[in-house]
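Written below as structure tokens is the structure these notes are about.
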Amino acid sequence: MIPLPTGAVLTNTRFLDIETGEWRSADLEIRDGRFAKIAAAGSLADADDAIDLAGKHVLPGLIDCHVHVYAMTANLSELETTAPSYATMHAARLMGDMLDRGFTTVRDTGGADHGLAAAQTEGLLRGPRLFFGGKSLTQTGGHGDTRRPGQQISHSSSCCAGLGVIADGPDAVRRAAREQLRTGAHHLKIMAGGGVASPTDRVDSIQYSFAEMRAAVEEAQDANRYVAAHAYTPGAIQRALDAGVRSIEHANLLDEKSADAIAEAGAFVTMNLVTYWALDTFGAEMGLPPVSQAKVADVLSAGEQALALAHQKGLNLCFGSDLLGGMQVHQSKEFEIRARHQEPLDVIRSATTTAARLLERVGELGVIREGAFADLVVLEADPLQDITVLSAPDPALVIQGGEIVRARPTH
Ligand code: ZN
Ligand code: ZN
Numbered sequence: 001m002i003p004l005p006t007g008a009v010l011t012n013t014r015f016l017d018i019e020t021g022e023w024r025s026a027d028l029e030i031r032d033g034r035f036a037k038i039a040a041a042g043s044l045a046d047a048d049d050a051i052d053l054a055g056k057h058v059l060p061g062l063i064d065c066h067v068h069v070y071a072m073t074a075n076l077s078e079l080e081t082t083a084p085s086y087a088t089m090h091a092a093r094l095m096g097d098m099l100d101r102g103f104t105t106v107r108d109t110g111g112a113d114h115g116l117a118a119a120q121t122e123g124l125l126r127g128p129r130l131f132f133g134g135k136s137l138t139q140t141g142g143h144g145d146t147r148r149p150g151q152q153i154s155h156s157s158s159c160c161a162g163l164g165v166i167a168d169g170p171d172a173v174r175r176a177a178r179e180q181l182r183t184g185a186h187h188l189k190i191m192a193g194g195g196v197a198s199p200t201d202r203v204d205s206i207q208y209s210f211a212e213m214r215a216a217v218e219e220a221q222d223a224n225r226y227v228a229a230h231a232y233t234p235g236a237i238q239r240a241l242d243a244g245v246r247s248i249e250h251a252n253l254l255d256e257k258s259a260d261a262i263a264e265a266g267a268f269v270t271m272n273l274v275t276y277w278a279l280d281t282f283g284a285e286m287g288l289p290p291v292s293q294a295k296v297a298d299v300l301s302a303g304e305q306a307l308a309l310a311h312q313k314g315l316n317l318c319f320g321s322d323l324l325g326g327m328q329v330h331q332s333k334e335f336e337i338r339a340r341h342q343e344p345l346d347v348i349r350s351a352t353t354t355a356a357r358l359l360e361r362v363g364e365l366g367v368i369r370e371g372a373f374a375d376l377v378v379l380e381a382d383p384l385q386d387i388t389v390l391s392a393p394d395p396a397l398v399i400q401g402g403e404i405v406r407a408r409p410t411h
């Protein structure tokens with residue numbers, strides 16, 4: 001990392017005002033990791049160590065709201081017999097790769113923990129700022145239970161590199177929720193319905209009783225945190241909303257009624273269509289068991305229709321990727337998939353301003369303004385005209401907290 005000295009200035013910066021959708025030209029002064037001053041273009045050009053960004057297009061640092069940085073393989077049960085130290089080295093490399101694509105902040109929705117977040121904050125590893133939820137909470141036989149049907153041994157992932165922990169009954173859910181919150185979790189993640197990567201549940205199952213969901217929501221709210229729920233179907237979405245869940249993950253089988261319910265609750269939806277494309281294309285070779293491959297089709301085509309519906313209903317849509325194992329290299333392809341159904345500006349909002357609202361960091365993340373973290377992606381082309389500059393990223397510069405964390409190698 002190349003620290004920018006105090007008082008560094010980026011001159012002639014053409015940056016996107018995400019709220020208005022207008023490009024603005026300005027000089028940006030960075031101090032102590034934040035934007036200290038936004039001044040007229042060229043007015044600070046005489047500053048020492050000024051970096052001239054004329055001709056570039058600059059966005060706030062991007063935010064991916066659904067990642068699993070410990071998911072080094074698509075075979076999640078393998079993680080439970082993987083040494084945490086080994087999984088951590090994979091996570092570190094993966095986080096560095098995300099940063100290189102322009103993601104300066106990510107929300108991990110199952111697995112990431114206090115240690116990784118602290119290591120990132122202290123500069124021990126290159127990576128996005130990490131909003132973690134600890135282990136996902138799942139019922140026995142739920143989306144976070146990675147045991148195969150013939151496997152009788154008790155689940156042990158609470159100790160290891162696995163992404164989830166099994167908790168049945170409101171008391172056990174409460175205890176597991178408190179355990180994640182004790183470690184500084186920014187949110188809690190619960191499995192409210194079936195999923196693809198889990199070996200024994202059906203995608204259309206609802207998981208966790210209302211009382212169990214309420215227990216998680218009460219614990220989160222008492223700690224001034226919120227609950228994110230994995231939910232594909234209207235039934236799972238509705239029960240989660242009724243229990244007070246604020247963040248719906250996936251929502252591939254969203255219908256009109258559940259979309260209206262999300263709008264009414266003011267909840268957020270984080271979709272991640274790229275992962276179904278990737279599982280369909282590469283899942284088998286990346287370790288996805290056959291039983292899971294068969295479920296991909298159920299949610300792949302429905303996902304794009306759900307995106308179109310969510311956009312049409314004006315839901316708070318956040319950018320997510322949810323890729324597992326070696327498929328994580330396709331993280332940015334999500335921009336291209338979304339741009340089939342949304343204007344590029346709306347897609348960019350999902351990865352900046354709307355994401356910042358979900359993370360409760362409005363004015364600090366996903367925006368270029370005085371006082372915000374100095375997180376920037378410097379692009380060679382206008383992403384409003386050409387989304388591939390984001391979906392196949394090779395940013396000239398990525399700046400995070402006022403430090404150049406990626407400078408494109410000159411060829
Ligand atoms: Zn999920
Ligand atoms: Zn996920």
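Numbered by my numbering, the letters in the sequence shown go through residues 1 to 411 in order.
Each residue gets a CB set at the ideal place from its N, CA and C atoms; glycine is no exception.
Shown here, R182 sits in a helix according to DSSP, grouped into three states. DSSP places P60 within a strand segment (E or B) once states are collapsed to three.
Under the three-state reduction of DSSP, I387 is assigned to coil, being neither helix nor strand. A220 carries a helical assignment under DSSP once its states are collapsed to helix, strand and coil.
Of all C-beta pairs linking the segment 301-311 to the segment 357-369, fewer than three are shorter than 8 Å, placing the two stretches out of contact.
The continuous alpha helix (DSSP H) containing Q305 extends over residues 290-312. Inclusion of A236 and G193 in the CB contact set at 8 Å is warranted, their separation being smaller than that value. Per DSSP, the continuous beta strand (DSSP E) segment holding K189 begins and ends at 187-191.
Taken through DSSP and simplified to helix, strand or coil, F335 comes out as helix. If you look at R34, you'll find it in the beta strand (DSSP E) that goes 34-40. Listed in chain order, the non-local C-beta contacts of G371 below 8 Å within the same chain comprise R34, F35, G363, E364, local neighbours out to five positions each way being set aside. Here R239 has A192, I206, F210, M213 as same chain residues with Cβ atoms under 7 Å from its own Cβ, once five neighbours each way along the sequence are excluded. With at least 16 other beta carbons inside 10 angstroms of its own, R147 counts as buried. The set of residues with a C-beta under 6 Å from any non-hydrogen atom of ligand 2 comprises H66, H68, T109, G110, D322, given in chain order. For the pair L397 and A407, the CB atoms are nearer than the 8 Å cut-off. Per the CB criterion, closer than 6 Å to any heavy atom of ligand 1, the qualifying residues run in chain order as G195, H230, E249, H250. Rounded to the nearest whole angstrom, the CA to CA distance from V227 to F132 is 12 Å. It is roughly 10 Å from the alpha-carbon of G61 to the alpha-carbon of G401. Rounded to whole angstroms, the Cβ separation of L137 and I51 is 45 Å, and the two are not in contact under 8 Å. Rounded to whole angstroms, the separation of the alpha carbons of V245 and T270 is 13 Å. Residue A216 holds the alpha-carbon nearest to the alpha-carbon of Q139 among A216, A118, M72. Counting only unbroken stretches of 4 or more residues, the alpha helix (DSSP H) elements lying wholly within the segment 197-244 are 210-222, 234-243, in sequence order.
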